[in-house]
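Student: Residue numbers for the sequence shown follow our numbering, beginning at 4 and rising by one.
C-beta atoms are modelled at their ideal positions from N, C-alpha and C, and glycine is treated no differently.
Just so you know, these numbers come straight off a predicted model, no measurement behind them.
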Amino acid sequence: MVGEVLPVLKIEHLATPLIGPIDLELEAGSCTAVSGPSGAGKSLLLRAISDLDESTGSVSLNGKSREAYSAPDWRKHVAYIPAESGWWADRVKDHFKDTPELNDLLNTVGLPDAMDWQVSRLSTGERQRLALVRALQLNPDVLLLDEPTSALDPPSVERVEGVLKHQLADGKMLLLVSHDPEQPKRLGARHMHITAGKLTDAAVMESAQ
4 MVGEVLPVLK
14 IEHLATPLIG
24 PIDLELEAGS
34 CTAVSGPSGA
44 GKSLLLRAIS
54 DLDESTGSVS
64 LNGKSREAYS
74 APDWRKHVAY
84 IPAESGWWAD
94 RVKDHFKDTP
104 ELNDLLNTVG
114 LPDAMDWQVS
124 RLSTGERQRL
134 ALVRALQLNP
144 DVLLLDEPTS
154 ALDPPSVERV
164 EGVLKHQLAD
174 GKMLLLVSHD
184 PEQPKRLGAR
194 HMHITAGKLT
204 DAAVMESAQ
């Protein structure tokens, strides 16, 4: 059908021993936010989609199943950014590719000089912003973001949300975990709620209360 927006990332009956089964569809240029109490399964959902935890069910991107990708290739297309990112070298610049857009990305998140720093001097918020930049260098189709602004002050939150809005405008898909009740609204996100590993549309849940 002309003008129809088709789902791009499709999740069907996704389950692990601790979550699911979960069905979810993400469309190009869309943001879906997931909230819920601690231990409800928010991070586990992102890990299952990125194939870091063993799961059943199916996940596909543009009609191509996750199993058809190698693990590194899948995580290039579907980039997972945990709340606490991993750093394996002493210098920040050793974690990044020297690409033309790197300086622009660093400026956008407010860290123009970060390539000259040591990882040990980074604050939690600086690590969060740099982990986002590192993922964006892969040019993924989907960003799985676990509390991407939890350690940031309001100006930095605004910067990061600006980056995410730009990604949405470029047709990327965002699935983010957030405890900020206003963040889904600012990003124009569909708001989902997870409890005991079960995912529900937040609007439906609220109307039932």
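1) Considering only the alpha carbon of each residue, which of K175, H196, S123 and T127 lies closest to L139?
2) What's the gap between the Cα of A92 and the Cα of L135?
3) If you follow the alpha helix (DSSP H) that L167 is part of, which residue opens it and which one closes it?
4) Could you say which of T59, G44 and R162 lies nearest to T110 if we only look at CA atoms?
5) Based on the DSSP secondary-structure assignment, which residues constitute the bridge partners of T35?
6) Return the chain-ordered list of same chain residues with a C-beta closer than 7 Å to the C-beta of S53, the five sequence neighbours on each side being excluded.
7) Go ahead and label A234 buried or exposed: buried means 16 or more other beta carbons lie within 10 angstroms of its beta carbon, across all protein chains shown.
8) Which residue or residues does DSSP assign as beta-bridge partners of S61?
9) Quick one: residues in its chain with C-beta nearer than 7 Å to the C-beta of D149, no 5 flanking neighbours on either side, listed in chain order?
10) Which class does V145 belong to by DSSP, given the choice of helix, strand or coil?
11) Verify whether the separation of the beta carbon atoms of L178 and T35 is less than 8 Å.
12) How do the region 59–78 and the region 89–103 stand: do at least 3 beta-carbon pairs fall below 8 Å, yes or no?
13) With 16 other CB atoms within 10 Å as the buried threshold, where does E15 fall?
14) Ignore the nearest five residues each way along the sequence and tell me which others in D97's own chain have a CB closer than 7 Å to its CB.
Tutor: Per the coordinate set shown:
1) Stepping through the sequence shown from its first residue, residue 139 is reached at position 136. Closest by alpha carbon: K175.
2) By 1-based counting over the sequence shown, the position of residue 92 is 89. By 1-based counting over the sequence shown, the position of residue 135 is 132. Spanning the two alpha carbons is a distance of roughly 17 Å.
3) Taking the first residue of the sequence shown as position 1, residue 167 is located at position 164. That run of the alpha helix (DSSP H) goes P157 to A172.
4) On the sequence shown, residue 110 is found 107 positions in, with the first residue counted as 1. What sits at residue 110 in the sequence shown is Asn, not Thr. The candidate whose alpha carbon is nearest that of N110 is R162.
5) Residue 35 sits at position 32 when you count from the first residue of the sequence shown. Beta-bridge pairing links T35 to L178 and R193.
6) Position 50 of the sequence shown, counted from the start, is the residue given in the question as residue 53. R78, V81, Y83 and L147, listed in sequence order.
7) The question about residue 234 has no answer, for the chain in this structure spans 4 to 212.
8) By one-based count along the sequence shown, residue 61 stands at place 58. E15, per the DSSP bridge assignment.
9) Translated into the one-based positions of the sequence shown, residue 149 becomes position 146. Exclusion of the five residues before and after D149 leaves S46, L49, I84, P85, A86 and V180 as the residues of its chain whose Cβ lies within less than 7 Å of its Cβ.
10) Along the sequence shown, one-based indexing puts residue 145 at 142. V145 falls in the strand class under three-state DSSP.
11) Along the sequence shown, read from residue 1 onward, the residue named residue 178 stands at position 175. Along the sequence shown, read from residue 1 onward, the residue named residue 35 stands at position 32. In this structure, the beta-carbon distance from L178 to T35 falls below 8 Å.
12) No, the region 59–78 is not in contact with the region 89–103.
13) Locating residue 15 in the sequence shown gives position 12, where the first residue counts as 1. Its Cβ having fewer than 16 others within 10 Å, E15 is exposed.
14) For this step, residue 97 is matched to residue 94 along the sequence shown. Within the same chain, and ignoring the five residues on either side of D97 in sequence, no residue has its Cβ closer than 7 Å to its Cβ.
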